[in-house]
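Enquirer:
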Ligand code: SF4
Ligand code: SF4
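In the working numbering, the protein residues as written are 48 to 348.
#1: Rounded to whole angstroms, how far is the Cβ of residue 186 from the Cβ of residue 136, which I believe are closer than 8 Å?
#2: Any heavy atom of ligand 2 closer than 8 Å to the Cβ of residue 327?
#3: Return helix, strand or coil for residue 106, following the three-state DSSP convention.
#4: Can you tell which of 168, 330, 176 and 213 has its C-alpha closest to the C-alpha of residue 247?
#5: Helix, strand or coil for residue 251 per DSSP?
#6: Have a look at 96, 234, 259 and 73 and flag the residue whose alpha-carbon is nearest the alpha-carbon of residue 334.
#7: Report all residues from its chain with a CB closer than 7 Å to the CB of residue 173; omit the five preceding and five following residues, and keep chain order.
#8: Nearest by alpha-carbon distance to residue 322: which of 196, 77 and 69 is it?
#9: Say yes only if the C-beta of residue 338 is nearer than 8 Å to one or more non-hydrogen atoms of ligand 2, and no if none qualify.
#10: Using CA coordinates, which residue listed in 62, 64, 66 and 93 is at the minimum distance from residue 262?
#11: With distances taken Cα to Cα, identify the nearest neighbour of residue 257 among 155, 144 and 209.
#12: Around the Cβ of residue 324, are there at least 16 other Cβ atoms within 10 angstroms (buried) or fewer (exposed)?
#13: So, residue 217 versus residue 89, is the Cβ gap smaller than 9 Å?
#14: I'd like to check one pair, residue 111 with residue 161: are the Cβ atoms closer than 9 Å?
Below is the structure:
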């Protein structure tokens, strides 16, 4: 287990070679509805969420409404919520219904808390809104043993039931997986995950594969970023920096607004109290930015 602190965690480097990502237009607002609390404690969680992690508290309905009102004045088009686990938030249903009054919503969840009763309520909320409600359920494998080794005992069965419960009421959740295989096997793995979703009677099987971010618990269990893994201005000579999600989105929490969902537990990534004051360039000095650059990844669906 590594105990050394990530060398790039401690400061935002403003040296001339660190590129800044511009804020082009705020299209998407993320909200950390579950805070850093989660009923699971996955070995690869890049913000080390778990039942006892109170780094970020859950967002209250009042706070969410405040962010929504501000987001509307700034032209935000869509919303994403995440945690931790959003279904641990006691106000989750009121929060969902409220967000849907402002725009379409993607919910990131581990799926393990979605009972038939909750799924029925989610259907009612969707039926009462003209904006689309979409689910992203995270799992690691179609193999129970592989999944539960990363996500914990019985996580496979609980998530599978959650996906099933969503499908019964007409939702078609996107399966989200953090790549734990060689990239060359992507095509084969995609096929197998799609077959898995079909076996659960998902009418529109879709998957999203995310890269590993060497942060949080994964950095303890695998490795930390090396000194060479950081972006420089040269990295963007042949790559449009505005492809990065941080040029069009921000991440709101109960206590402040951060540049993105990936750096949400880094003090240096907290850009302000209000959304408006975060609409400025951000220096890409964190090693995690290297992963975004080399994988071209976005957290969006
Ligand atoms: S990866 Fe997701 S489900 Fe797992 S501990 Fe982190 S927030 Fe919870
Ligand atoms: S981690 Fe990715 S999304 Fe976040 S600031 Fe860096 S490049 Fe942008």
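For every residue, glycine included, the Cβ atom is placed at its ideal position computed from N, Cα and C. Note that the structure is predicted; figures quoted are calculated from it, not measured.
Expert: Concretely, from the data shown:
#1: Here residue 186 corresponds to residue number 139 of the chain shown, with the count starting at 1. Here residue 136 corresponds to residue number 89 of the chain shown, with the count starting at 1. Between residue 186 and residue 136 the beta-carbon gap is near 21 Å, outside 8 Å, which marks them as no contact.
#2: To locate residue 327, count along the chain shown from 1; it is residue 280. It does not: the Cβ of residue 327 is nowhere closer than 8 Å to a heavy atom of ligand 2.
#3: If you number the chain shown from 1, residue 106 lands on position 59. Correct three-state label for residue 106: coil.
#4: One-based indexing of the chain shown puts residue 247 at position 200. Minimum Cα distance to residue 247 is reached at 213.
#5: The residue labelled residue 251 in the question sits at position 204 within the chain shown. Of the three classes helix, strand and coil, the one that applies to residue 251 here is coil, per DSSP.
#6: Counting from 1 along the chain shown, the entry for residue 334 is found at position 287. Minimum Cα distance to residue 334 is reached at 259.
#7: Sequence index remark: in the chain shown, residue 173 carries index 126 (1-based). Cβ within range, chain order: 180.
#8: Residue 322 sits at position 275 when you count from the first residue of the chain shown. Sorting 196, 77 and 69 by C-alpha distance to the C-alpha of residue 322 places 77 at the top.
#9: Counting from one through the chain shown, the residue named residue 338 turns up at place 291. Yes, ligand 2 has a heavy atom inside 8 Å of this Cβ.
#10: As a working mapping, residue 262 is identified with position 215 in the chain shown. Each of 62, 64, 66 and 93 was checked against the Cα of residue 262, and the nearest Cα belongs to 93.
#11: One-based indexing of the chain shown puts residue 257 at position 210. Looking only at 155, 144 and 209, the smallest Cα-Cα distance to residue 257 is reached by 155.
#12: Position 277 of the chain shown, counting from 1, holds the residue named residue 324. Residue 324 is exposed by the Cβ-count criterion.
#13: Position 170 of the chain shown, counting from 1, holds the residue named residue 217. Position 42 of the chain shown, counting from 1, holds the residue named residue 89. The answer is no: Cβ separation not under 9 Å.
#14: To locate residue 161, count along the chain shown from 1; it is residue 114. To locate residue 111, count along the chain shown from 1; it is residue 64. For residue 161 and residue 111, no; Cβs fall outside 9 Å.
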